[in-house]
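Have a look at the structure below, then the notes.
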Amino acid sequence: MKKLNFPKSFLWGGATSAAQIEGAWNIDGKSLTLPEIQPFIELKDKSDLSKLHNERNIIFKNALEGKFEGHYPKRFGIDFYHRYKEDIALFKEAGMNIFRMSISWARIFPNAFDEKPNLNGLKFYRDVFEECKKNNMEIMVTMSHFDYPFELMKSNPKGWLDPKVKELFLKYAKTILDEYADIVKYWLPFNEINIGAFAVEAGLGIMPDSKRTEAETKELSIKGLHNLFVAQAEIVKYAKKFKNIKLGCMMADMTTYSLDCNPVNVLANMKREQILKFMFYDVMIKGKYPGYFKNIVKTLTNKEITFDENELKLLKENPLEFISFSYYMSNTVSTDPNQEKTQGNLTSAGKNPFLKATDWGWQIDPIGLRYVLNQLWDRYEVPLFISENGIGVLETLNEENAVNDDYRIDYLSKHIEQIDLALKDGVDVFGYTMWTPIDLVSASTCEMAKRYGLIFVDYDDYHNGTGNRYPKKSFNWFKEFIKTKEI
Ligand code: P53
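Residue numbering for the sequence shown is 212 to 698, as defined by the working numbering.
The structure is reproduced here in structure tokens:
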């Protein structure tokens, strides 16, 4: 056993999102969100998501015509809406002192253009937050976690390219800040902004169009991303009046290495980091687009895109205070078109011969977490927070209603050990919320079978089951770890 030296103030907890846990999709006035029109599709090969990507246009077409067939897992989640007290009690029992969750925009403003917020929605989140506080937990809220309202896509087909959408989002953001700034200390405006902006339909709420070219799609992403940045800066500006809250950015840290020491690959990896990571962090933390941004835009869209001077000024004056990021895996980069591939965060990515992968092809790399923590601290010098990290595995309950998930204990303890080493390196990292404290519906595949939790939830992919909660072996391990800080 090794004793780790985490500071007393370090935040330990779990992360979730509304569309993946709440259920109650049409209860108390809530309207549909985009994840709730995504039907369940069986995957034979778990690490090949092309089947899901190919069906995307048909899914939107059906939904827009009001045709809903099959099962829609994110409408049901794990019924957190009705069972949150039980869940929060379990998180507390595990020793957690922070809970990350998201608020669903469609629960607060169900018809997009509502003048007043839905009081039932406001009450639900107030009740959940109070429950957290009763259990001595801090709260981190994501304002938008991959759950754009479906009604808004229908009424405003240009999504985040329509200034009206930004205005409505700001209204929503200000409403929840006014409502909960007294109880919620940490706020993340957009989940994984670098993934959201490049999913033009699901992330930016832009109506699908099968005729759109690759370059046109990228243009929408760049312009949409800019609008997200501006909205975020406006939220930071507005939030200055609340003294006790902190706002952070949230990125999928798409960690990559050069496959080898061939300089062409080293350079290709650097370029990839600029395009997938640094150009985002630079805008949100340094407050300005990096010098190479122009070239990236030209490469992606074949165009020059310029932004409004006042908006650039707003970005400069209102950076985020801390960085949060998700970290699940790392991948490699090579210029060889025949490079061996595995499944990455979004598309396929380069294999690393030194790493093992999960069933979904995500390469497990604890040392990569220390590497990223150092890299981000060196470049930005703002406090860091790991807002997601975990492992998805196929699991079933054994005869004792338990799951012996030693692989999860191994995954989490090895990553936590690397955070400890990063702290010793001198990095300012102040918390860790694992993905997840409790099994929930997968974001990318809608599977319940891809389980991440310390707590097993008795639902299958079709929402059959009792929904009962059963702590896994990793739950007891975590509880012990929190007490002893030994791994
Ligand atoms: P799932 C990859 C693909 C999709 C979403 O993912 C992702 C990632 C990881 O970078 O982001 C986060 O459920 C996301 C969560 C999500 C989690 O990764 O597809 O913020 O909502 O559940 C895990 O296995």
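We treat Cβ as the ideally placed atom computed from N, Cα and C, and that holds for glycine.
- Ranked by Cα distance from Ile456, the options Asp389, Leu436, Ile417 and Leu415 are led by Asp389.
- The C-beta distance from Ser545 to Gly555 rounds to 14 Å, too long to fall under 8 Å, and the pair is not in contact.
- No heavy atom of the ligand P53 is found nearer than 7 Å to the CB of His626.
- The Cβ neighbour count for Ser535, taken over all protein chains shown within 10 Å, is at least 16; the residue is labelled buried.
- With contacts defined by Cβ atoms closer than 8 Å, Phe302 and Gly225 form a contacting pair.
- Counting C-beta atoms within 10 angstroms of its own C-beta, Pro564 has fewer than 16 neighbours from the protein chains shown and is therefore classed as exposed.
- The residue among Phe401, Met490, Leu470 and Lys385 with its C-alpha nearest the C-alpha of Lys452 is Lys385.
- If you compare the alpha carbons of Val339, Tyr292, Phe320 and Leu531 with that of Phe401, the shortest gap goes to Leu531.
- Fewer than three pairs of CB atoms, one per stretch, sit closer than 8 Å, so the region 367-378 makes no contact with the region 342-350.
- If you compare the alpha carbons of Ile516, Lys499 and Ile406 with that of Ala463, the shortest gap goes to Ile406.
- Contact annotation: the region 434-453 touches the region 521-531, with at least three C-beta pairs closer than 8 Å.
- Note that the region 357-365 does not touch the region 433-443; fewer than 3 beta-carbon pairs, one per stretch, sit closer than 8 Å.
- Annotated as distal: Phe340 and Val411, with beta-carbon spacing of 8 Å or more.
- Note that the C-beta distance between Lys488 and Met465 is below 8 Å.
- Ser421 sits in coil when the DSSP states are folded into three classes, being neither helix nor strand.
- Rounded to whole angstroms, the gap between the alpha carbons of Leu511 and Gly416 is 20 Å.
- Distances taken from the Cβ of Asn556 to the heavy atoms of the ligand P53 include one shorter than 7 Å.
- When the beta-carbon positions are compared, Lys262 and Ile252 come within less than 8 Å of each other.
- Rounded to whole angstroms, the gap between the alpha carbons of Asp493 and Tyr670 is 41 Å.
- In the same chain as Glu592, and ignoring 5 residues on each side of it, no C-beta atom comes closer than 7 Å to its own.
- Cβ-Cβ distances below 6 Å link Lys661 to Gly603 and Ser653 in the same chain, with the five nearest sequence neighbours on each side left out; the list follows chain order.
- Between Pro250 and Phe357, the C-beta spacing is not below 8 Å.
- Sorting Ser559, Pro577 and Gly502 by C-alpha distance to the C-alpha of Leu566 places Pro577 at the top.
- A contact between stretches requires three or more CB pairs, one per stretch, nearer than 8 Å, and the region 629-648 fails this requirement with the region 264-274.
- In terms of side-chain proximity, the C-beta atom of Glu253 is found no nearer than 7 Å to any non-hydrogen atom of the ligand P53.
- The region 641-651 makes contact with the region 663-679, as at least three CB pairs between them are under 8 Å.
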